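K.L.:
So that we are looking at the same thing, I have put the structure below in structure tokens.
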Amino acid sequence: MSYQTEFRHFRYFLALAEDLHFRKASERLFISQPGLSRQIKQMEEALGVNLFERHNRKVKLTKAGEYMQRELINNFQRLDDIISHAKLLNDGMDGHLKLGYVGSAMQRVIPDLLLKFKEEHPNVLFDINEMDNNKQIKALLKQEIDVGFVRMERVPRGLNILPLFEDTFSLVLPADHKVDASKFESLAQFKDEPFILFDSSYSQSYYEKVMQIFDDAGFAPIISHNTVNASSIFRLIENNFGVSLVPTSLKLGFNMNIKFIELDKIPQRTTLKLVWNSVNTNPLLENFLNIAEEVDI
Numbered sequence: 004m005s006y007q008t009e010f011r012h013f014r015y016f017l018a019l020a021e022d023l024h025f026r027k028a029s030e031r032l033f034i035s036q037p038g039l040s041r042q043i044k045q046m047e048e049a050l051g052v053n054l055f056e057r058h059n060r061k062v063k064l065t066k067a068g069e070y071m072q073r074e075l076i077n078n079f080q081r082l083d084d085i086i087s088h089a090k091l092l093n094d095g096m097d098g099h100l101k102l103g104y105v106g107s108a109m110q111r112v113i114p115d116l117l118l119k120f121k122e123e124h125p126n127v128l129f130d131i132n133e134m135d136n137n138k139q140i141k142a143l144l145k146q147e148i149d150v151g152f153v154r155m156e157r158v159p160r161g162l163n164i165l166p167l168f169e170d171t172f173s174l175v176l177p178a179d180h181k182v183d184a185s186k187f188e189s190l191a192q193f194k195d196e197p198f199i200l201f202d203s204s205y206s207q208s209y210y211e212k213v214m215q216i217f218d219d220a221g222f223a224p225i226i227s228h229n230t231v232n233a234s235s236i237f238r239l240i241e242n243n244f245g246v247s248l249v250p251t252s253l254k255l256g257f258n259m260n261i262k263f264i265e266l267d268k269i270p271q272r273t274t275l276k277l278v279w280n281s282v283n284t285n286p287l288l289e290n291f292l293n294i295a296e297e298v299d300i
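When you read off a place in the sequence shown, starting at 1, and then add 3, the result is the number in my numbering.
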């Protein structure tokens, strides 16, 4: 009888590829250790590929095994998405769209886009998660999200990018700070004050642009705190831990004891961009991109 590889064998393979230990993988799969070993061996023989290097009960993936693990994970994720979409269609929904975003995108851009999209697609389930730029990029590459909203100059190969909204920077101060818009002359007035900034992990290119602003002002900032969360920055400023530079759009949606001075005379701007994976086959993605290109934000 000829032997054929079945879906369950791929599941066995992924479990062993993750644990790299026959006993641990077999316990997780609820099958015997000899049974798992036999199934993996049959799979290798059927495919004509050595997937593991065996060392007693421990194993190591071959290069072919590493490739298969990576591709199976990606394709099983796609299979899960297909099944989920089919279930939504069965329940009268048009589908499921997963979005990641940096905080400032929620102040204006995302609400405008979603309202417009819902006009044409009222039966769509949205999954919306705030994530820093780098987490969004990783999630897009793994197709864990369909669309990202980032502040980055460059993205990895395989991702597409669409500029949505160009924003100015603003200086953020405690509400009772002695300097206000009428007394502001230049950023150099704050060379001796501590700054609370978005961490470079938020976006290296964004961080470099903020550093350019300080370079143009003629001083290196005293950085007292780094964070990836706007509300944390504002809370620290409110309690007089320092001042900050942020995208101006972040002044919307927060009600704290702080004030903003827009730096509209400096050349630096920060652009919010929509990013997606070029191989993503979610049927809703193309419609979402079309609306994003049309909406005046």
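Each residue gets a CB set at the ideal place from its N, CA and C atoms; glycine is no exception.
Only a predicted model underlies this, so the values are computations on that prediction, with no experimental measurement involved.
Leaving out five residues on either side along the sequence, give the residues of the same chain with a beta carbon under 7 Å from the beta carbon of Y15.
P.N.:
What you label residue 15 is simply residue 12 of the sequence shown in a count that begins at 1. Once the five neighbours on either side are set aside, the close Cβ partners of Y15 are L32, L39, Q42 and I43.
K.L.:
Check whether the stretch 205-213 touches the stretch 179-188, taking contact to mean three or more Cβ pairs, one atom from each stretch, closer than 8 Å.
P.N.:
Counting Cβ pairs under 8 Å, fewer than three are found: no touch.
K.L.:
Measuring straight from C-alpha to C-alpha, what distance separates F217 and S206?
P.N.:
Residue numbering aside, residue 217 sits at position 214 when the sequence shown is read from its first letter. Residue numbering aside, residue 206 sits at position 203 when the sequence shown is read from its first letter. If you take the alpha carbons of F217 and S206, they lie about 17 Å apart.
K.L.:
Using a Cβ-Cβ cutoff of less than 6 Å, which residues in the same chain neighbour N285 once the five nearest sequence positions on both sides are dropped?
P.N.:
For the purposes of this step, residue 285 is taken as residue 282 along the sequence shown, with counting starting at 1. Result list for N285: D149, in chain order.
K.L.:
The alpha helix (DSSP H) that contains H12, what's its start and end?
P.N.:
Mapped onto the sequence shown, residue 12 falls at position 9. Where H12 is concerned, the enclosing alpha helix (DSSP H) stretches over F10 to D22.
K.L.:
By DSSP's criteria, H99 is part of a beta bridge. Which residues make up the other side?
P.N.:
The sequence position of residue 99 within the sequence shown is 96, counting from 1. BP columns for H99 point to L128.
K.L.:
Roughly how many whole angstroms lie between the Cα atoms of A175 and D83?
P.N.:
Walking along the sequence shown from the start, residue 175 turns up at place 172. Walking along the sequence shown from the start, residue 83 turns up at place 80. For the sequence presented, residue 175 should be read as Val rather than Ala. Distance between the alpha carbons of V175 and D83: 44 Å.
K.L.:
Measure the C-alpha to C-alpha separation of N232 and G106 and round it to an integer number of angstroms.
P.N.:
As a working note, residue 232 is residue 229 in the sequence shown. As a working note, residue 106 is residue 103 in the sequence shown. Each residue's alpha carbon lies about 8 Å from the other.
K.L.:
So the beta strand (DSSP E) R57 belongs to, where does it begin and stop?
P.N.:
Reading the sequence shown from its first residue, position 54 is the one you call residue 57. R57 -> beta strand (DSSP E) spans F55 to H58.
K.L.:
Use the C-beta contact count for I86: other C-beta atoms within 10 angstroms, 16 or more gives buried, fewer gives exposed.
P.N.:
Position 83 of the sequence shown, counting from 1, holds the residue named residue 86. Under this definition I86 is an exposed residue.
K.L.:
Check K138 in the structure and name its three-state DSSP category.
P.N.:
Against the sequence shown, residue 138 aligns to sequence position 135. Here K138 sits in helix by DSSP.
K.L.:
Applying the 10 Å Cβ sphere with the 16-neighbour rule, what's the burial state of S234?
P.N.:
Position 231 of the sequence shown holds residue 234. Classification for S234: exposed.
K.L.:
So, under 8 Å CB-CB, P159 and I140 are touching, yes? Tell me the CB distance rounded to an integer number of Å.
P.N.:
Against the sequence shown, residue 159 aligns to sequence position 156. Against the sequence shown, residue 140 aligns to sequence position 137. Rounded, the Cβ-Cβ distance is 7 Å, consistent with contact.
K.L.:
My parser needs the alpha helix (DSSP H) runs of 4 or more residues fully inside the stretch 200-256; what are they?
P.N.:
Counting whole runs of 4 or more residues, the stretch 200-256 contains the alpha helix (DSSP H) stretches 207-220 and 233-241.
K.L.:
Between which two residues does the alpha helix (DSSP H) containing F291 stretch?
P.N.:
The count along the sequence shown starts at 1 and reaches residue 291 at position 288. Counting along the chain, the alpha helix (DSSP H) containing F291 begins and ends at L288 to E297.
K.L.:
Quickly, what does DSSP pair S173 with across the bridge? List them, please.
P.N.:
Residue 173 sits at position 170 when you count from the first residue of the sequence shown. Answer is V249 and E265, bridged to S173.
K.L.:
Taking all protein chains shown into account, do 16 or more other C-beta atoms lie within 10 angstroms of the C-beta of P250, making it buried, or fewer, making it exposed?
P.N.:
For the purposes of this step, residue 250 is taken as residue 247 along the sequence shown, with counting starting at 1. That one is buried.
K.L.:
Is it right to say D267 is buried, meaning 16 or more other beta carbons lie within 10 angstroms of its own, or is it exposed?
P.N.:
As a position in the sequence shown, residue 267 is number 264, starting the count at 1. By the 10 Å Cβ count, D267 comes out exposed.
K.L.:
Take K186 as the anchor and find which of A49, F10 and I264 has the nearest alpha-carbon.
P.N.:
As a first step, residue 186 must be located in the sequence shown, where it is residue number 183. Of A49, F10 and I264, the residue nearest in Cα terms is I264.
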